[in-house]
Amino acid sequence: MTNPNPPSYLPFVKNDALHQQYGHIRKYYSEPEDQIFLSLPYQYLNETTMTRMVHDSIEAVLYVHEQVQDRKNLDGLQSSVSLMPEAMTAPYKSPLGN
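Under the numbering used here, the first residue of the sequence shown carries the number 1, and numbering increases by one thereafter.
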């Protein structure tokens, strides 16, 4: 870990970018594991939101399938999302992660 950063031997990998990644790797292996994860923002969905998203996705797929089955003419349809009511495509309210 104390060795200097080697140069990039690939012409498409910039030295600065490579050395930044080495810095991240050194930091990861030099800090206690729990401290690394406590310092990072939690960017993933919490369990409640993930469960809701899976449920809503299944509901949307079934709704679109039903709409496609009932329609005789799908000419000009750009996206199956346009078949869904606005309430099904509304974004979730924040926060989604914690």
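Glycine included, each C-beta is placed from N, C-alpha and C at the ideal position. Remember, predicted model here, so these are calculated numbers, not experimental data.
Nearest to residue i by CA position, among the options, is which residue?
| i | options | result |
| --- | --- | --- |
| SER94 | GLY23, HIS24, SER8 and THR49 | THR49 |
| LEU62 | VAL81, GLN20 and VAL13 | VAL81 |
| GLU59 | SER79, MET88 and ARG26 | MET88 |
| VAL64 | ASN15, GLU47 and GLU86 | GLU86 |
Can you find a heavy atom of the ligand ZN that lies under 7 Å from the Cβ of residue i?
| i | result |
| --- | --- |
| ALA90 | As far as ligands go, the structure on display features none, and thus does not contain the ligand ZN. |
Taking the CB atoms as reference points, tell me whether residue i and residue j lie closer together than 8 Å.
| i | j | result |
| --- | --- | --- |
| HIS19 | ASN5 | yes |
| LEU45 | GLN67 | no |
Please classify residue i: does DSSP put it in a helix, a strand, or coil?
| i | result |
| --- | --- |
| LYS14 | coil |
| ALA90 | coil |
| ARG26 | helix |
| GLN67 | helix |
| LEU74 | coil |
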